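Participant:
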Amino acid sequence: MTHPDSAPSVHPVEGDGDLFAPEDDALYFLPLGGSGEIGMNLNLYGHRGKWLMVDLGISFADDTMPGLDVIMPDPAFIAERRHDLVGIVVTHAHEDHLGAIQYLWPQLRVPVYCTPFTAAVLRAKLHERGLAGVVPVHEVALGSTIEVGPFSVEYVTVTHSIPEPNALAIRTAAGTVLHTGDWKLDPEPLVGEAADEERLRAIGDEGVLALVGDSTNALVPGSSGSEGSVRKTLTELIGQFPDVRVAVSCFATNVARLESIAHAAAAHGRHVALVGRSMWRINEAARSNGYLADVPAFLTEHDANYVPRDKLVLVCTGSQGEPRSALARIASDDHPQVSLQRGDVVVFSSREIPGNERAIGRMQNLLVGQGIRIVTADEAPVHVSGHPAQDELVRMYQWVRPRIALPVHGEQRHQLEHAKLARACQVPEALIPGNGDLIRLAPDAPPRVVAQVRSGRMALDGKRLIPLDTGLMRARHRMVHNGAAVVTLVMNGKGELVTAPQIAVMGLLDDSADRDMLLDVVDAVREAVAEMPKSTRADDEQVRAAARIAVRRCFNATHGKKPVTDVHLVRV
Numbered sequence: 001m002t003h004p005d006s007a008p009s010v011h012p013v014e015g016d017g018d019l020f021a022p023e024d025d026a027l028y029f030l031p032l033g034g035s036g037e038i039g040m041n042l043n044l045y046g047h048r049g050k051w052l053m054v055d056l057g058i059s060f061a062d063d064t065m066p067g068l069d070v071i072m073p074d075p076a077f078i079a080e081r082r083h084d085l086v087g088i089v090v091t092h093a094h095e096d097h098l099g100a101i102q103y104l105w106p107q108l109r110v111p112v113y114c115t116p117f118t119a120a121v122l123r124a125k126l127h128e129r130g131l132a133g134v135v136p137v138h139e140v141a142l143g144s145t146i147e148v149g150p151f152s153v154e155y156v157t158v159t160h161s162i163p164e165p166n167a168l169a170i171r172t173a174a175g176t177v178l179h180t181g182d183w184k185l186d187p188e189p190l191v192g193e194a195a196d197e198e199r200l201r202a203i204g205d206e207g208v209l210a211l212v213g214d215s216t217n218a219l220v221p222g223s224s225g226s227e228g229s230v231r232k233t234l235t236e237l238i239g240q241f242p243d244v245r246v247a248v249s250c251f252a253t254n255v256a257r258l259e260s261i262a263h264a265a266a267a268h269g270r271h272v273a274l275v276g277r278s279m280w281r282i283n284e285a286a287r288s289n290g291y292l293a294d295v296p297a298f299l300t301e302h303d304a305n306y307v308p309r310d311k312l313v314l315v316c317t318g319s320q321g322e323p324r325s326a327l328a329r330i331a332s333d334d335h336p337q338v339s340l341q342r343g344d345v346v347v348f349s350s351r352e353i354p355g356n357e358r359a360i361g362r363m364q365n366l367l368v369g370q371g372i373r374i375v376t377a378d379e380a381p382v383h384v385s386g387h388p389a390q391d392e393l394v395r396m397y398q399w400v401r402p403r404i405a406l407p408v409h410g411e412q413r414h415q416l417e418h419a420k421l422a423r424a425c426q427v428p429e430a431l432i433p434g435n436g437d438l439i440r441l442a443p444d445a446p447p448r449v450v451a452q453v454r455s456g457r458m459a460l461d462g463k464r465l466i467p468l469d470t471g472l473m474r475a476r477h478r479m480v481h482n483g484a485a486v487v488t489l490v491m492n493g494k495g496e497l498v499t500a501p502q503i504a505v506m507g508l509l510d511d512s513a514d515r516d517m518l519l520d521v522v523d524a525v526r527e528a529v530a531e532m533p534k535s536t537r538a539d540d541e542q543v544r545a546a547a548r549i550a551v552r553r554c555f556n557a558t559h560g561k562k563p564v565t566d567v568h569l570v571r572v
């Protein structure tokens with residue numbers, strides 16, 4: 001829930017979110033994802049009966065979500081109002097800002113607006129889902145303004161770890177909001193332009209009602225650092241390992257980092273090969289939009305086998321330990337074309353996204369166990385963040401001077417620190433949004449929560465989307481921790497067992513060593529049914545319940561487990 005930075009108290013909710021419609025003269029902000037968390041950004045602005053969506057992103061499942069890979073915000077609130085949704089405006093091409101469009105657009109069916117590089121990345125994703133040519137993707141020139149319903153949206157160039165990141169100046173009759181997106185201040189960004197300080201100052205001079213801002217590094221003092229310094233470090237580092245193969249793992253979307261690796265490799269007479277499908281997808285999008293123009297074509301995984309080990313640098317996906325990524329497969333000696341040997345070097349030119357520490361640690365241990373040296377950002381400055389640290393946040397507030405600060409894109413501790421910093425910068429009001437908090441920004445002061453609307457998470461489970469708060473995931477967790485059993489009973493019209501119960505057990509018994517245990521379970525089920533009064537044996541549900549209880553009691557007594565148990569009953 002939303003609260004001011006000075007106290008953890010919850011603002012009173014004034015209305016029923018399910019019945020809400022934005023008033024003509026008011027301006028509302030509603031996050032459905034990305035507030036109180038990092039990833040899954042979905043933000044809505046409401047004005048004159050219409051809604052504008054900013055970003056629609058994903059996050060990735062962790063060990064607590066068995067069988068799932070991708071999670072995303074639940075768009076139910078706005079999907080029910082899609083006829084009042086005027087469009088989706090995307091700030092940049094990172095997965096946590098556009099990755100859910102390919103899954104959720106069929107529920108929304110509105111135009112999507114983004115700059116050319118972002119459009120290229122998005123179209124590739126839509127093609128994979130069979131939506132190429134179906135989703136109306138409108139390319140927006142850098143620095144231009146579009147009119148979308150009652151909203152005028154100006155794209156303002158900022159710097160981030162991907163080409164063409166944008167802040168959005170969202171103008172309405174009720175006031176202007178600067179939605180920063182992901183950004184930083186980098187005097188040497190290498191790819192793309194530096195943040196447009198002049199334009200940001202001019203927007204501040206016009207008057208800004210609210211700044212909705214990136215909180216990821218609000219706890220970090222100083223500045224985030226420059227991509228130019230990383231290039232220098234990588235060049236020096238590769239030169240320290242002249243006789244071995246060097247692999248660098250980084251975020252595929254960091255085109256400046258790809259360019260830096262290519263320049264560093266060339267300085268030592270090495271070729272560069274890309275390993276991983278997402279690397280090639282971003283390479284194609286970058287080159288089609290004029291980026292990497294001075295970088296020679298990268299080698300394929302197949303080509304890499306014909307280059308001497310000391311003349312090659314591999315750029316691999318998998319910096320976050322993703323199990324099927326290129327680097328994870330290399331570490332497991334499971335990659336069909338690429339391998340590393342004792343003495344080779346892997347550079348992790350990235351940061352650990354919270355929640356991925358265990359996966360990254362497992363992969364790094366596999367590499368070290370093979371005699372491969374690893375270099376991380378803890379040992380050398382091989383990575384800089386794409387998000388603003390405290391000094392950069394201060395400069396943004398000095399330029400823009402909003403009346404209200406709304407820290408988003410961070411966990412609550414990041415939001416709290418961001419709000420504290422905003423107040424120190426003389427911002428009159430700082431309000432911390434939570435997902436589902438419907439905040440009225442204008443015309444009344446101060447800003448306040450006027451309703452709590454439904455928010456939640458969806459997950460891609462194989463080929464279908466499921467809500468995460470259903471019994472399906474709870475049952476899957478129970479099976480993971482307690483195993484599962486299936487019992488088949490065949491009974492005649494007299495309520496007698498025609499044959500011995502058949503029991504299949506998953507995740508509890510070793511097929512060979514625990515045969516006697518399984519026979520004990522069969523006997524327990526047989527006895528449980530036999531002890532039932534004859535009248536109740538005619539009731540299928542009571543028979544199933546007796547058999548289920550018998551199985552769970554047996555395993556609880558011997559294993560301390562109560563397996564998820566399904567009973568099939570056949571009457572003959």
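Numbering (UniProt numbering), first residue to last: 1 to 572.
For every residue, glycine included, the Cβ atom is placed at its ideal position computed from N, Cα and C.
Small disclaimer: the values here were computed from a predicted structure and weren't measured.
Specify the secondary structure class of glutamine 452 as computed by DSSP and reduced to three states.
Facilitator: Start at 1 with the first residue of the sequence shown, and residue 452 comes out as number 452. Looking at glutamine 452 - three-state DSSP - the assignment turns out to be strand.
Participant: Are the Cβ atoms of valine 345 and valine 246 separated by less than 8 Å?
Facilitator: Taking the sequence shown and counting its residues from 1, one reaches residue 345 at position 345. Taking the sequence shown and counting its residues from 1, one reaches residue 246 at position 246. Yes. Within cutoff.
Participant: Distance check for valine 486 and asparagine 556, CA to CA, integer angstroms please.
Facilitator: Position 556 of the sequence shown, counted from the start, is the residue given in the question as residue 556. Position 486 of the sequence shown, counted from the start, is the residue given in the question as residue 486. So the alpha carbons of these two residues sit roughly 16 Å apart.
Participant: Would you call histidine 11 buried or exposed, if buried means 16 or more other Cβ atoms sit within 10 Å of its Cβ?
Facilitator: In the sequence shown, counting from the first residue as 1, residue 11 sits at position 11. Below a pLDDT of 50, predicted positions are generally treated as unreliable, and histidine 11, at 48, falls in that range; the measurement from the model is reported next regardless. The residue is buried, with at least 16 neighbouring Cβ atoms inside 10 Å.
Participant: Excluding five sequence neighbours on each side, which residues of the same chain lie with their C-beta closer than 7 Å to the C-beta of aspartate 5?
Facilitator: Against the sequence shown, residue 5 aligns to sequence position 5. Caution applies to aspartate 5, whose pLDDT of 43 falls short of 50 and renders its modelled position unreliable; the value that the coordinates give is listed next. The answer, listed in chain order, is Leu416, Ala419, Lys420, Arg423, Ala430 and Ile432.
Participant: Measuring CB to CB, does serine 229 end up less than 8 Å from proline 111?
Facilitator: Counting from 1 along the sequence shown, the entry for residue 229 is found at position 229. Counting from 1 along the sequence shown, the entry for residue 111 is found at position 111. No, these two residues do not count as a Cβ contact at 8 Å.
Participant: Which partner residues does cysteine 114 have in the DSSP bridge list?
Facilitator: Here residue 114 refers to the residue found at position 114 when the sequence shown is read from its first residue. BP columns for cysteine 114 point to Glu139.
Participant: Using a 10 Å radius around the Cβ and a threshold of 16 neighbouring Cβ atoms, would you call glutamate 236 buried or exposed?
Facilitator: Here residue 236 refers to the residue found at position 236 of the sequence shown. The residue in question, glutamate 236, is exposed, as its Cβ has fewer than 16 Cβ neighbours within 10 Å.
Participant: Along the chain, where does the beta strand (DSSP E) that runs through valine 248 open and close?
Facilitator: For the purposes of this step, residue 248 is taken as residue 248 along the sequence shown, with counting starting at 1. That run of the beta strand (DSSP E) goes 246-249.
Participant: Aspartate 55 and serine 455: beta carbons closer than 8 Å?
Facilitator: Here residue 55 is taken as the residue at index 55 of the sequence shown, counted from 1. Here residue 455 is taken as the residue at index 455 of the sequence shown, counted from 1. Not a contact, by the Cβ cut-off of 8 Å.
Participant: At the level of alpha carbons, what is the spacing between asparagine 482 and aspartate 514?
Facilitator: Looking up residue 482 in the sequence shown gives position 482. Looking up residue 514 in the sequence shown gives position 514. About 16 Å.
Participant: Is leucine 44 near isoleucine 88, with beta carbons less than 8 Å apart?
Facilitator: As a position in the sequence shown, residue 44 is number 44, starting the count at 1. As a position in the sequence shown, residue 88 is number 88, starting the count at 1. Remark: C-beta atoms of leucine 44 and isoleucine 88 do not approach each other more closely than 8 Å.
Participant: Which residue from Gly290, Val564 and Leu509 puts its Cα closest to that of threonine 558?
Facilitator: Here the question's residue 558 lines up with position 558 in the sequence shown. Selected option, being the one with the closest Cα: Leu509.
Participant: For histidine 3, which three-state DSSP category applies?
Facilitator: Taking the first residue of the sequence shown as position 1, residue 3 is located at position 3. For histidine 3, the pLDDT reaches just 49, beneath the cut-off of 50, and the residue's location in the model is therefore unreliable, although a value from the coordinates is still provided. Of the three classes helix, strand and coil, the one that applies to histidine 3 here is strand, per DSSP.
Participant: Considering only the alpha carbon of each residue, which of Asp196, Tyr103 and Pro221 lies closest to glutamate 392?
Facilitator: One-based indexing of the sequence shown puts residue 392 at position 392. The residue with the shortest Cα to Cα distance from glutamate 392 is Pro221.
Participant: Since aspartate 96 and asparagine 41 are thought to touch, with beta carbons under 8 Å apart, how far apart are those beta carbons, to the nearest angstrom?
Facilitator: Taking the first residue of the sequence shown as position 1, residue 96 is located at position 96. Taking the first residue of the sequence shown as position 1, residue 41 is located at position 41. Right, the Cβ-Cβ distance comes to about 6 Å (below 8 Å), so this counts as a contact.
Participant: Could you please give the first and the last residue of the uninterrupted beta strand (DSSP E) stretch that includes leucine 366?
Facilitator: Along the sequence shown, read from residue 1 onward, the residue named residue 366 stands at position 366. Careful: leucine 366 lies outside any beta strand (DSSP E), inside the alpha helix (DSSP H) at 357-369.
Participant: Of the residues Ser35, Arg48, Gly33 and Leu32, which one's Cα is nearest the Cα of aspartate 25?
Facilitator: Position 25 of the sequence shown, counted from the start, is the residue given in the question as residue 25. The shortest Cα separation from aspartate 25 among Ser35, Arg48, Gly33 and Leu32 belongs to Arg48.
Participant: State the DSSP-derived secondary structure class of proline 8, mapped to helix, strand or coil.
Facilitator: Taking the sequence shown and counting its residues from 1, one reaches residue 8 at position 8. Note on proline 8: pLDDT 34, under 50, position unreliable in the model; no value is reported.
Participant: Can the beta-carbon of tryptophan 183 be found closer than 8 Å to that of proline 31?
Facilitator: On the sequence shown, position 183 is the one that residue 183 refers to. On the sequence shown, position 31 is the one that residue 31 refers to. No. Outside cutoff.
Participant: Considering only residues of the same chain and omitting the five flanking positions on each side of alanine 7, which have a CB-CB separation below 7 Å?
Facilitator: Mapped onto the sequence shown, residue 7 falls at position 7. For alanine 7, the predicted model reports a pLDDT of 37, less than 50, meaning its position is unreliable; a value from the coordinates is still stated below. Taken in chain order, the list of residues that qualify is empty.
Participant: Within the chosen definition, does the region 306-318 reach the region 200-217 through at least 3 CB pairs nearer than 8 Å?
Facilitator: no
Participant: Take methionine 506 and list the residues in its own chain whose beta-carbon comes closer than 7 Å to its own, dropping the five residues that flank it on each side.
Facilitator: In the sequence shown, counting from the first residue as 1, residue 506 sits at position 506. Here the set comprises Gly483 and Ala484.
Participant: On the criterion of 16 or more Cβ atoms from any shown chain inside 10 Å, does arginine 440 qualify as buried, or is it exposed?
Facilitator: Counted from its first residue, the sequence shown places residue 440 at position 440. Counting Cβ neighbours within 10 Å, arginine 440 comes out buried, since at least 16 surround it.
Participant: From histidine 414 to glycine 36, what does the alpha carbon distance come to, in whole angstroms?
Facilitator: The residue you call residue 414 lines up with position 414 of the sequence shown. The residue you call residue 36 lines up with position 36 of the sequence shown. Distance from the CA atom of histidine 414 to the CA atom of glycine 36, rounded to whole angstroms, is 8 Å.
Participant: From the DSSP output, read off the bridge partner residues of tyrosine 45.
Facilitator: If you number the sequence shown from 1, residue 45 lands on position 45. Its beta-bridge partners are Phe29 and Leu52.
Participant: Determine whether the beta carbon atoms of leucine 168 and glutamate 154 lie at a separation below 8 Å.
Facilitator: Counting from one through the sequence shown, the residue named residue 168 turns up at place 168. Counting from one through the sequence shown, the residue named residue 154 turns up at place 154. Yes, Cβ-Cβ distance for leucine 168 and glutamate 154 is below 8 Å.
Participant: Which residue spans inside the region 191-218 form an unbroken beta strand (DSSP E) run of at least 3?
Facilitator: Within the region 191-218, the complete beta strand (DSSP E) segments of 3 residues or longer fall at 210-214, listed in chain order.
Participant: May I ask you to report which of helix, strand or coil DSSP gives residue 591?
Facilitator: Lying before the first or after the last residue shown, residue 591 is absent from the chain, which here runs from 1 to 572.
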